[in-house]
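Numbering (the numbering used here), first residue to last: 97 to 275.
Don't be surprised by glycine CBs; every beta carbon is placed ideally from N, CA and C.
Since this is a predicted model, take the numbers as computed values, not measurements.
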Amino acid sequence: MKATGIVRRIDDLGRVVIPKEIRRSLRIREGEPLEIYTDQEGGVVFKKYSPIGEVGDFTMQYAEAINKSSGISVAICDLDNVIAVAGVPKKEYLEKPISNPLSNLLERRQIYSSTSTADELSVIDSADGKVSYLSPIVSEGSVIGAVMSLQSSEKTAPDETEKKLINTGALFLAKQMEI
């Protein structure tokens, strides 16, 4: 772990202020949950908490089920990384940071549907995969990720079946998080 050279004090309520520069570089947003750990040397470690990451194996199985039943390539992400994919090479997508435009779309809680005239939305910056249809996962009033279908080589607009499958996936995963 690299040292940042910033010293902070804990106030009487136990709060620690994390500087804006560090929050921006680590993409920590206001109100975002953090896990607190202690290490063996007496250090305190803050780690971003991903509620949907708790059901990582389940999300992978869900993506594979949608892909096998419909042939649609699927990706599921939390607010930072792709956590499950099916129908595309896992090595290219899995555990890679999502693109900034995708992150901004999630912040706005928007459903995205590609059209022939719309700007293409990349899943991650380093791969060619473009989003065909995206539905945010909203659990207990907060966006925690998204389920998305990826464009095939024909680049056609998503049909109603594809939209319903992705929307169902997002709603189902949101309900799983509330249990």
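Your pair A182 and I162 checks out as a contact, with CB atoms roughly 7 angstroms apart and the cut at 8 angstroms. Secondary structure at L269: helix, using DSSP grouped into helix, strand and coil.
Distance between P147 and I240, taken at the CA atoms: about 7 angstroms.
The segment 129-138 and the segment 154-172 do not touch, with fewer than three beta-carbon pairs separated by less than 8 angstroms.
When the alpha-carbon of V243 is set against those of K187, L175 and A223, the nearest one is in L175. Only residues of its own chain outside the window of five on either side were considered, and among them V178, Y189, K192, P193, I194 and S195 have a CB closer than 7 angstroms to the CB of I220, listed in chain order. Per DSSP, the beta-bridge partners of I172 are A180 and V243.
S210 and A253 do touch by the CB rule: their CB atoms are close to 6 angstroms apart, below 8 angstroms. Taking C-beta atoms under 8 angstroms as the contact rule, G225 and V170 fail to qualify, at a distance of about 11 angstroms. Rounded to whole angstroms, A223 and V113 show a C-alpha spacing of 36 angstroms. Taking the C-beta atoms as reference points, N263 is found no nearer than 8 angstroms to S238. Pairing K143 with E128 gives a Cβ-Cβ distance that is not under 8 angstroms. A Cβ-Cβ distance of about 6 angstroms is found for the pair S166 and L261, placing them in contact under the 8 angstroms criterion.
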